[in-house]
Amino acid sequence: MGIQLERITLRQIKMPLVHFFETSFSRTTERHMVLVEVVGGELSGWGEVTAGENPFYNEEWTESAWLILRDYVAPRVLKHRFESAAEVGARTAHIRGHNMARGGLEVAVWDLEARMLGRPLYQHIGGGARREIPCGVSIGIQDSVEQLLQKIETELAAGYQRIKMKIKPGWDVEVVAQVRRRFPDIRLMADANSAYTLDDAPRLKCLDEFNLMMIEQPLAHDEIIDHAKLQAQLKTPICLDECIRSAHQAEQALAMDAGRIINIKLGRVGGFAEARRVHDVAQRAGIPVWCGGMLEAGIGRAHNIALATLPNFVLPGDVSASKRYWARDIIRPPVETTTHGTIAVRDERGFGYGLDLDFLDSITVRREVIS
Ligand code: OSB
Ligand code: MG
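Residues in the sequence shown are numbered from 40 upward in steps of one, following the working numbering.
Here it is, written out as structure tokens:
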């Protein structure tokens, strides 16, 4: 069949969060994200860049993504003849880093190709191992422990299958202890977003007594070796997030037992092709994976749902209902969960949801058509 992109439209949108989201590295109250629309033939495919507003999770942010897409990615992919979406990543692999910008375009081409074939995206990427994906929630650092306990209560009542709480120095062992005291039996985990060093091992070891499912990315964003040293001292499995940006890094990390679970994020690894390779590496090693989130709007959320239908996504991920983040999402219908804490996979072609284009236009702050 082949794909040739005739036009790429970049859009920057602005969406206020219904509640601030705080990690060890920053507090976010409003998202500014870049959407990528690729046009080939009569059809469009859509992608969402998952970079944050500042270069604090990784090196990327909204503005860098815009420039990388406009000046480096678009000129390389426009008019080029691809046999399939699986080839798109390689075409921009000469760009160092910037996986989220590259990935925003790559996932849009997968969506376009699925639409050209008249298939749902999840099938097109080789997923479909489950009809409903298991969901957890990620709960940020709050202004008080009472507020955190309240939020956990609400999410459990909504049916979510596991709770992830953010930790950082000063908001860790004592807070986890209080959560455990209030909720002795829930599936609970903690995400440090790289806030610790190996010198903090004694403190992190204190978390072992709380029966956490895992501790996510305790050490530096680019660190694998120290995670192996830490894992050797911890009973609790380490889950790697920031430091796994490719299947090769996943292979190296698992070979040295730097973690026992991987959080796969589409943007962080540069799109569906690499996400699948990370998934396969983990599966071969007997390591479970789950789908992470980056406070996505509906397009990113829908892509995550498709990804989470691959067979080794066996743990509840961070993909949750639109309404947890947005008063109004850009897709129709919004992402909703069942009462048993799952999202039902939709069978429409492409990413499976409609786009609310009028709403999109009303929140678009910048738009550029590249042809
Ligand atoms: O580390 O998983 C993370 C949000 C922004 C940046 C990093 C992370 C997160 C989350 C939110 O935990 C997950 C979600 O989108 O619900
Ligand atoms: Mg994380």
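From the three backbone atoms N, C-alpha and C, an ideal C-beta is built for every residue, glycine too.
Notebook entry, point to check: Helix, strand or coil: which one does DSSP assign to F60?
Noted result: strand
Next item on the list: Would you give the residue range spanned by the alpha helix (DSSP H) that M155 belongs to?
Entry: N138 to M155
Next item on the list: Go through its chain and collect everything with a Cβ distance to R154's Cβ below 7 Å, but skip five positions before and after it.
Entry: L82, G84, R388 and G389
Check: Of the residues R115, G198 and I191, which one's Cα is nearest the Cα of Q134?
Finding: It is Ile, not Gln, that sits at residue 134 in the sequence shown. Nearest C-alpha to I134: R115.
Check: Looking at G331 and the ligand MG, is the gap between the Cβ and the nearest heavy atom below 7 Å?
Finding: yes
Notebook entry, point to check: Going by alpha carbons, who is nearest to Q43 out of R340, I52, S65 and E152?
Noted result: E152
Margin query: Quick check on L273: does DSSP put it in helix, strand or coil?
Written below: coil
Note to self: Please classify T89 as buried or exposed, where buried requires at least 16 other C-beta atoms within 10 Å of its C-beta.
What the structure shows: buried
Next item on the list: Can you list the residues near the ligand MG, meaning Cβ strictly closer than 5 Å to any non-hydrogen atom, in the order they appear in the chain?
Entry: D230, E255 and D280
Notebook entry, point to check: Start and end of the alpha helix (DSSP H) containing S401?
Noted result: L396 to I402
Checklist line | Boundaries (first-last residue) of the alpha helix (DSSP H) holding N302 | finding: Not the alpha helix (DSSP H): N302 falls in the beta strand (DSSP E), residues I300 to I303.
Item checked: C-alpha distance - I225 paired with I202, whole-angstrom precision -> 8 Å
Note to self: Taking 6 Å as the limit between beta carbons, can you name the residues of its chain near E194, skipping five residues before and five after?
What the structure shows: V176
Next item on the list: Would you check if the distance between the CB atom of E76 and the CB atom of T48 is smaller than 8 Å?
Entry: yes
Next item on the list: Look up S83 in the DSSP assignment and give the residues it is bridged to.
Entry: V78
Notebook entry, point to check: Using the beta-carbon count (16 or more within 10 Å), is T403 buried or exposed?
Noted result: exposed
Notebook entry, point to check: Would DSSP call K203 helix, strand or coil?
Noted result: strand
Next item on the list: Measure the Cβ-Cβ separation of G128 and G331 and say whether it is below 8 Å.
Entry: no
Notebook entry, point to check: Does the ligand OSB have even one heavy atom less than 7 Å from the beta-carbon of G91?
Noted result: yes
Note to self: Can you check which of these residues, Q291, R371, M253 and D395, is closest to K274 by C-alpha distance?
What the structure shows: M253
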